[in-house]
Amino acid sequence: MIVARQNIYANIDWLTILIWVVMVAFGWMNIYSANFLEVEGSVFDFSMRYGKQLLWIGASLLLALVILIIDAKFYSLFAYILYGIIILILTGVLVFGKEINGARSWFVLGGLQLQPSEFAKPFTALALARILSSHGFMVKKFSDLMKAGFIILLPAALILLQPDMGTSLVFFTFVFVLFREGFSANTMMLMGGLIILFILTLILDKFIIIAGIAGITLFVYYLISRSLKDTLRIFFTLVSLFLVLFAINHFLKLEFDYFRIGLATVIPLAVILAVKILYRRQKRNLKLLAGALIGIFFVISVDYGMNHILKEHQQHRIYVTLGLENDPRGVGYNVNQSKIAIGSGGFSGKGFLEGTQTKLHFVPEQSTDFIFCTVGEEWGFLGTAFVVLLYIFLLLRLIKLAERQRSSFSRIFGYGLLSVLFVHFVINIGMTIGLFPVVGIPLPFFSYGGSSLWGFTIFLFIFLRLDASRLELLG
0 MIVARQNIYA NIDWLTILIW VVMVAFGWMN IYSANFLEVE GSVFDFSMRY
50 GKQLLWIGAS LLLALVILII DAKFYSLFAY ILYGIIILIL TGVLVFGKEI
100 NGARSWFVLG GLQLQPSEFA KPFTALALAR ILSSHGFMVK KFSDLMKAGF
150 IILLPAALIL LQPDMGTSLV FFTFVFVLFR EGFSANTMML MGGLIILFIL
200 TLILDKFIII AGIAGITLFV YYLISRSLKD TLRIFFTLVS LFLVLFAINH
250 FLKLEFDYFR IGLATVIPLA VILAVKILYR RQKRNLKLLA GALIGIFFVI
300 SVDYGMNHIL KEHQQHRIYV TLGLENDPRG VGYNVNQSKI AIGSGGFSGK
350 GFLEGTQTKL HFVPEQSTDF IFCTVGEEWG FLGTAFVVLL YIFLLLRLIK
400 LAERQRSSFS RIFGYGLLSV LFVHFVINIG MTIGLFPVVG IPLPFFSYGG
450 SSLWGFTIFL FIFLRLDASR LELLG
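Going by numbering that gives the first Met the number 0, the residue at position 3 of the sequence shown is 2; the numbering climbs one at a time, nothing skipped.
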């Protein structure tokens, strides 16, 4: 173990630690309320969730202390090793893990349940910070970008195999780190466009969407080339291929599905634009072609993922959130009860331990994924506003700490923490009020669970340790 050789406690950001303490303490109070029974006596009843959470909080304090004792250079030197270990553990859980709630995501050691995916977040951030801060790395260079992408996608893919869609999606938030380090703003806009396309794919017919992509591509091509003749040539080629494909499918009695429509769209665009690019070296056409291809295959992949990867209840959660289905007694039950609980709290809440929705356990998973509705019912608008402002203040504080780093490794890791924390905060609260589908993402430092608490404590305190040595760490 590499141990710090100087007293770093004078440089620790104690304000951030104070915020962490307030969050953990207030979170425990709401876990206690969500599981409180009048027949129970002691808060130290370790058979109850609030008792177990006390043990995990105590362990997280020791964990935080150990992290602060270790020399800051350790986290950079051993970033790849820690990442490799967590990848092995994520692979092992697929074989030796215990299946809980339909996902093989847990190791059970006696009475202790650990979810390795929660620890993968900080260790992936370490590896990402290490490679992005390495000498000569350029985020705009394709080969370097692929290396960073591999580090992000590997744990995400292993977690998706468990399957745990919600946690897997969290890893894609590391793209914000890439953006901070010089990733193209156009690519970020493309990602925003894909989100819109995802929603449209669920709402509209696939033929309309793909035809729309083809039409927009042709229109943009005309604006670039200013050649009506070339545009009409591509258009009639598209129509001809559609008719030929339709005739073949009709003759062979095959299904004329969106996949064949996609291919019929791609072929003429690819052939004609490729010829233009090769002979006229029009790079803008290459970008246009790439955008069309990404859009078309994204539509195909979304439909495939919805029907072949997501489970039925996960599909319904997305449809309910988008308003495409109404199922208040089925998959929409949790969210419906959560909104009732939050709304019933009013301005100042019903009071600690006085929440009727909470006491009668109307909301499933109320101490984990839906802990925020306990805050809303018992503490009202004032309590929920306090929690939201607490997170906003923490996020702003972390931005300030990240920007003052002299080491690019520390800055990148700080933005990794920011990205994951922000997405957890937004999605979890969004789930409880019906803005996002229920994907099983806990509220950091609030929700019941040792793995989540320990994972985020590791994440936060590694960054605080790096910040405490910011005057020593360079590069």
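Glycine included, each C-beta is placed from N, C-alpha and C at the ideal position.
DSSP places Ser104 in no alpha helix (DSSP H) but in the uninterrupted beta strand (DSSP E) bounded by 102-108. The C-beta distance from Thr172 to Val422 rounds to 4 Å, short enough to meet the 8 Å contact threshold. Nearest to Phe412 by alpha-carbon distance, out of Ile158, Ser450, Phe122, is Phe122. The three-state reading of DSSP puts Ile99 in strand, counting E and B together. Secondary structure note for Leu394: its alpha helix (DSSP H) is the uninterrupted segment 370-402. Per DSSP, the continuous beta strand (DSSP E) segment holding Gln112 begins and ends at 111-113. Between Met164 and Val438, the CB-CB gap stays under 8 Å. Within the region 48-99, the runs of alpha helix (DSSP H) that reach at least 4 residues and sit entirely inside it are, in chain order, 48-68, 72-76, 78-95. Scanning Gln356, Leu242, Ala213 for the CA closest to the CA of Thr230 turns up Ala213. Secondary structure at Gln336: helix, using DSSP grouped into helix, strand and coil. The alpha helix (DSSP H) runs lying completely inside the region 161-223 and spanning 4 residues or more are 164-169, 174-179, 184-202, given in chain order.
Look at Lys349 here: in three-state DSSP terms it is coil, with no helix or strand label. Sequence-distant partners of Lys349 (beyond 5 residues in either direction) whose C-beta falls short of 8 Å from its own C-beta, in its chain, are Ser343, Thr355, Glu376, Glu377, Gly379. The criterion of a C-beta distance shorter than 8 Å is not satisfied by Ile158 and Ala126. Relative to the Cα of Ser337, the nearest Cα in the group Leu400, Ser407, Val243, Leu434 belongs to Leu434.
Here Val374 is not near Asn34, since their CB atoms are 8 Å or more apart. Note that the C-beta distance between Ile370 and Ser446 is below 8 Å. If you draw a straight line from the Cα of Phe385 to the Cα of Tyr49, it comes to about 22 Å.
Ranked by Cα distance from Met188, the options Gly290, Phe141, Gly415, Ala147 are led by Gly290. Of the residues Gly211, Leu381, Phe234, Asp466, the one whose Cα lies closest to the Cα of Tyr221 is Phe234. Between Asp143 and Phe136, the alpha-carbon positions lie close to 6 Å from each other.
Residue burial annotation: Ile428 is buried, with at least 16 other C-beta atoms found within 10 angstroms of its C-beta.
Comparing alpha carbon positions, the residue from Val174, Phe106, Leu54 closest to Phe95 is Phe106. Between the C-alpha atoms of Ile341 and Val387 there is a straight-line separation of about 14 Å. Per DSSP, reduced to three states, the secondary structure at Val42 is coil, with no helix or strand assignment. Taking C-beta atoms as the reference points, Pro154 and Leu62 fail to come closer than 8 Å.
For Thr431, the enclosing alpha helix (DSSP H) has its first and last residue at 407-431. By the Cβ-count criterion, Arg179 is buried, with 16 or more other Cβ atoms from all chains shown falling within 10 Å of its own Cβ. Apart from sequence neighbours up to five positions away, the residues of its chain that approach Gly382 with a beta-carbon distance below 6 Å are Gly348, Val374, ordered along the chain. Taking C-beta atoms as the reference points, Gln52 and Trp19 fail to come closer than 8 Å. Comparing C-alpha distances from Phe182 to each of Leu60, Phe141, Ile457, Arg129 shows the shortest one belongs to Phe141. In the assembly as shown, Trp13 is an exposed residue. Its beta-carbon has fewer than 16 other beta-carbons within 10 Å. Its chain contains Leu287 as the residues whose beta carbon lies nearer than 8 Å to that of Val219, once the 5 sequence neighbours on both sides are disregarded; these appear in chain order. When only Cα atoms are considered, Ser32 and Thr367 end up about 12 Å apart.
Closest in C-alpha terms to Lys205, from the list Ile80, Ser300, Ala102, comes Ser300.
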